[in-house]
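Each remark here refers to the structure printed beneath this line.
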Amino acid sequence: IVTDQIYRRGQIIFSEGDEGVGFYVTVSGRVKVFKLSPEGKEQILHILGPGEPFGEVPVFAGQQFPANAEAMEKSRILFFPRDAFAGLISKNPSLAMNMLAVLSRRLRRFTIMIDDLSLKEVPGRLAAYLLYLSEESKGSSELELNITKTQLASLLGTIPETLSRILGKMSGQGLIRSEGPRIHILNREELEDLAESARKL
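Residue 127 is where the sequence shown starts when you use this note's numbering, and the numbers rise one by one after that.
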């Protein structure tokens, strides 16, 4: 039923418009799901780590993939063909419920991201993302970015130069301390206020 494959860094797993004939699960490594504008600008939609499925929706709906998926580093990926998986979940309803829970969490995160991109300035988007990372780390104020600044800029819908400038301003105003990939939240209350507003720094 399952195909086990190793993808090298930068290798495309599927492209926008490909037929959704199955879905994938990351075993090791990381995968980014992204869209490209007509001008070639990349907008990252999801970054997925070990244990996370992707490409599920077109499989259930019988549609094409709406975005691209690429290995961010050497990654081991499992591929589940649609027909085989449909038979599997018909015999194991709990598997379908687990998949639904994963999709629901991802939809919630994606809805928040769209809201941030459309309604907030870049500082608010960055503040919201840092708080999201903190929440995922059980409220820790010590964060470590597992993506590059360029990838983070793409995720936030901006450019690396703007991101670096805003990180500098946040540090200067005492909201955070930035040390390479490590970010320390110093003033959570101010960061939350920035994340909830549409204001600039």
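Glycine residues also receive a C-beta, built at the ideal position from the N, C-alpha and C atoms. Predicted model only: the values in this text are computed from it and were never measured.
task: Taking Ser-201 as part of the beta strand (DSSP E), name the residues at either end of that continuous run.
output: That run of the beta strand (DSSP E) goes 201-207.
task: On the DSSP bridge assignment, give the partners of Phe-149 in chain order.
output: Within the DSSP secondary-structure output, Phe-149 pairs in a beta bridge with Phe-206.
message: For Ser-280 and Gln-169, which I take to be in contact (beta-carbon distance under 8 angstroms), what is that distance rounded to the nearest angstrom?
response: With 8 angstroms as the limit, Ser-280 and Gln-169 qualify as a contact, their Cβ atoms being about 6 angstroms apart.
query: Are Ile-309 and Leu-256 close, meaning C-beta to C-beta below 9 angstroms?
result: Against a cut-off of 9 angstroms, the Cβ pair of Leu-256 and Ile-309 comes out as a contact.
Unbroken beta strand (DSSP E) run spanning Gln-131, endpoints: Unbroken beta strand (DSSP E) run through Gln-131: 129-133.
field: Other residues of its chain near Ala-321: CB distance less than 7 angstroms, five sequence neighbours each side excluded
entry: The answer, listed in chain order, is Gly-250, Ala-253, Ala-254 and Leu-257.
Exposure label - Glu-182; buried when at least 16 CB within 10 Å: Under this definition Glu-182 is a buried residue.
- prompt: Thinking C-beta only, is Met-198 closer than 9 angstroms to Arg-156?
  reply: The answer is yes: Cβ separation under 9 angstroms.
- prompt: Just how far apart, CA to CA, sit His-172 and Glu-247?
  reply: The straight-line gap from Cα to Cα measures roughly 20 angstroms.
- request: Confirm, please, whether the CB-CB distance from Val-185 to Val-153 is below 9 angstroms.
  value: Not closer than 9 angstroms, so no.
message: Helix, strand or coil for Arg-328? Go by DSSP, reduced to three states.
response: Coverage of the chain is limited to positions 127 through 327, which leaves residue 328 absent and any answer about it impossible.
task: Name the one or two DSSP bridge partners that Leu-214 has.
output: Answer by DSSP bridge pairing: none, since Leu-214 is not bridged.
field: Completely contained alpha helix (DSSP H) runs for the segment 273-325, where each covers 4 or more residues
entry: Correct list: 275-281, 286-298 and 314-322.
- prompt: Quick one: is Leu-162 buried, meaning 16 or more other Cβ sit within 10 Å of its Cβ, or exposed?
  reply: With fewer than 16 other Cβ atoms within 10 Å, it is exposed.
message: Just list the residues that DSSP pairs Asn-194 with in beta bridges.
response: Per DSSP, Phe-160.
field: Pro-219 in three-state terms, based on DSSP
entry: DSSP places Pro-219 in helix when its eight states are reduced to three.
message: In this structure, how does DSSP classify Pro-176 when only helix, strand and coil are distinguished?
response: Three-state result, Pro-176: coil.
task: Inspect the beta-carbon positions of Phe-140 and Phe-206 and report whether they are closer than 9 angstroms.
output: No. Outside cutoff.
Inter-residue spacing [alpha-carbon to alpha-carbon] between Gln-189 and Gly-298: Answer to the nearest angstrom: the Cα atoms are 48 angstroms apart.
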